[in-house]
Amino acid sequence: MTEPAVDITDLRFAWMAGRPVLDVARLLIPRGERVFLRGPSGSGKSTLLGVVGGVLPPQSGTVRVLGEDLGRLSASRRDALRADGIGFVFQMFNLLPYLSVVDNVILPARFSARRRERAGADLEGAARRLLAALGLGQPTLLARPVAELSIGQQQRVAAARALLGTPQLLIADEPTSALDADAREAFLALLMQECAVAGTTLLFVSHDTSLGRLFDRQLSLPEINRARPDAEAA
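According to my numbering, the residues represented by the sequence shown are 11 to 244, in order.
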């Protein structure tokens with residue numbers, strides 16, 4: 011039997027000496043499932059994504075991601091797991107402003123041989139295909155420093171970067187917040203298509219609850235999180 015993409019038991023996480031932000035008894039996400047996670051600001055959504063993505067080490071409980079127990083991994087091993095198997099669309103994008111659009115998209119393949127192998131021999135071609143599907147295929151745009159793009163365009167570049175090399179787990183934190191209706195529709199269509207083809211597990215966070223119908227399952231974080239974090243802690 012295939013191990014789940016995400017398997018959490020009795021997770022607790024607090025910032026510094028404060029009260030817990032997360033207190034999750036159980037969360038199981040099978041491989042290939044597309045999960046929509048909702049919850050108000052301050053409910054701990056971004057913190058949970060940080061733990062699942064190996065950015066924040068779990069303080070207690072067990073967090074298994076792609077078959078690895080994150081609590082037993084060194085920081086360097088968590089970094090390797092994230093580089094090889096996890097794609098991120100960060101809320102703040104985390105693009106490198108001095109690199110071109112294409113160079114930002116192919117960046118994950120520079121740090122992971124596995125992602126590079128899955129992307130294929132033509133890295134630039136793979137990047138251009140993803141960007142074109144997101145409405146960013148103009149040749150004059152692709153060579154520009156990413157800092158010259160609009161916020162909505164930068165968000166789409168971040169999405170293309172996360173999808174490059176078909177990661178096993180894709181984590182998306184408010185990935186459509188800066189997109190207009192047409193761009194949002196194109197983004198979601200590409201996201202679902204790429205995940206379906208590669209069997210990628212998707213954990214998607216958004217305030218836009220109307221998007222939940224597109225996913226295999228919807229989760230409310232306040233319903234599974236026994237902690238009641240302050241808004242500024244999430």
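Note that beta-carbon positions come from the ideal geometry of N, C-alpha and C, so glycine has one too.
Strand pairing of residue i, partner residues [DSSP]
i    : result
Q228 : F46
R22  : D33 and S70
N235 : V34
G97  : L180
S110 : P155
E78  : V75
Residue i - containing alpha helix (DSSP H), residue span
i    : result
S70  : Here S70 belongs to no alpha helix (DSSP H); instead the beta strand (DSSP E) covers S70 to V75.
A188 : Unbroken run through A188: none, as it is neither H nor E.
V156 : No alpha helix (DSSP H) contains V156, which DSSP labels as neither H nor E.
A129 : A123 to A129
S56  : K55 to V62
G162 : I161 to L173
R139 : L133 to A143
Backbone CA spacing between residue i and residue j [nearest angstrom]
i    : j    : result
L32  : Q148 : 43 Å
K55  : R138 : 31 Å
V34  : N235 : 5 Å
E78  : V115 : 26 Å
P14  : R41  : 5 Å
V16  : L37  : 7 Å
A208 : L140 : 14 Å
V45  : Q101 : 17 Å
P185 : Q163 : 12 Å
R166 : T150 : 16 Å
8 Å contact criterion, which residue i and residue j should meet: CB distance rounded
i    : j    : result
L144 : V112 : At roughly 13 Å, the Cβ-Cβ gap does not stay under 8 Å, so L144 and V112 are not in contact.
V61  : P68  : 6 Å
Boundaries of the beta strand (DSSP E) in which residue i is found, first to last residue
i    : result
A15  : Element bounds for A15: n/a, residue is neither H nor E.
P30  : P30 to I39
F214 : T211 to V215
Residue environment, residue i, which counts as buried when at least 16 other CB atoms sit within 10 Å
i    : result
E242 : With a pLDDT of only 42 at E242, under 50, the local geometry of the prediction cannot be trusted, and no value is derived from it.
A244 : The predicted position of A244 is uncertain, since its pLDDT is 47 and thus under 50; no value can be drawn from it.
P50  : exposed
S160 : exposed
S84  : exposed
S86  : exposed
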